[in-house]
Amino acid sequence: ALAERLLRQLARDGFQSDPAVRREIEEYSMTLAKIHFGEMQYNVEDTAATKPYDLLCTKASETKYVEVKGTVELGLKVWLTANEVEHLENHRSDYILFVVHSIRFGEDGKANDGIKKIVPGQVILSTDLRAVQFELTLH
Numbered sequence: 003a004l005a006e007r008l009l010r011q012l013a014r015d016g017f018q019s020d021p022a023v024r025r026e027i028e029e030y031s032m033t034l035a036k037i038h039f040g041e042m043q044y045n046v047e048d049t050a051a052t053k054p055y056d057l058l059c060t061k062a063s064e065t066k067y068v069e070v071k072g073t074v075e076l077g078l079k080v081w082l083t084a085n086e087v088e089h090l091e092n093h094r095s096d097y098i099l100f101v102v103h104s105i106r107f108g109e110d111g112k113a114n115d116g117i118k119k120i121v122p123g124q125v126i127l128s129t130d131l132r133a134v135q136f137e138l139t140l141h
């Protein structure tokens, strides 16, 4: 079952190597984020496929760039791409990190539960970011 694969495939530092499990976590977390910002009267646009943030949330003259992360772990750390970090640094006052942690899986293999943590860009410190991978151009 998917839930068993989740337990077997969960690797060190919370990286989920099983693509089906990873996709379920991502879709579940995105759904919770869309509901959350929709309830706050934002117009919510899914931009995950084309932008370095997952949701563009607007109302009146206010714009929020939302990066969504989900994990079965305790949510003590999340992974951001270089593009996501660059966008955060350029839009700190309008940036929100929406984390759903402690996600569980039901017998049907569907994600459920989880705890929402909303982190404004202004409180994300550059000193809390750590480069863990570099690209090497081969000649």
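In my numbering, the protein residues as written are 3 to 141. For every residue, glycine included, the Cβ atom is placed at its ideal position computed from N, Cα and C. Model, not experiment: these values are computed from the prediction.
Subject >> DSSP three-state assignment for A113, whether helix, strand or coil >> reply: strand
Subject >> Where Y44 sits in the DSSP three-state scheme >> reply: coil
Original post:
Would you report the Cα separation of A113 and S128, rounded to the nearest angstrom?
Top reply: 31 Å
**OP:** Taking all protein chains shown into account, decide if I27 is buried (16 or more other Cβ within 10 angstroms of its Cβ) or exposed.
**Re:** buried
Original post:
Applying the criterion that 16 or more other CB atoms from any shown protein chain within 10 Å of the CB defines a buried residue, is G40 buried or exposed?
Top reply: exposed
Subject >> Inter-residue spacing [alpha-carbon to alpha-carbon] between E88 and L82 >> reply: 10 Å
Original post:
Do L169 and T49 have their CB atoms nearer than 8 Å?
Top reply: Residue 169 lies beyond the range of the chain shown here (3 to 141); nothing can be said about it.
Original post:
CB-CB under 8 Å to Y2, same chain, minus the five flanking residues each way: which ones, in chain order?
Top reply: One cannot answer for residue 2 here, as it falls past the ends of the chain, which runs 3 to 141.
**OP:** Find out if the Cβ-Cβ distance for the pair F100, V68 is shorter than 8 Å.
**Re:** Cβ atoms of F100 and V68: closer than 8 Å.
Original post:
Just reading off the alpha helix (DSSP H) that L90 is part of, what are its end residues?
Top reply: A84 to N92
Original post:
Got a sec, what are the start and stop residues for the beta strand (DSSP E) V101 sits in?
Top reply: Per DSSP, V101 belongs to the beta strand (DSSP E) from Y97 to F107.
Original post:
Measuring CA to CA, which of Q124, Y97 and E86 is closest to A51?
Top reply: E86
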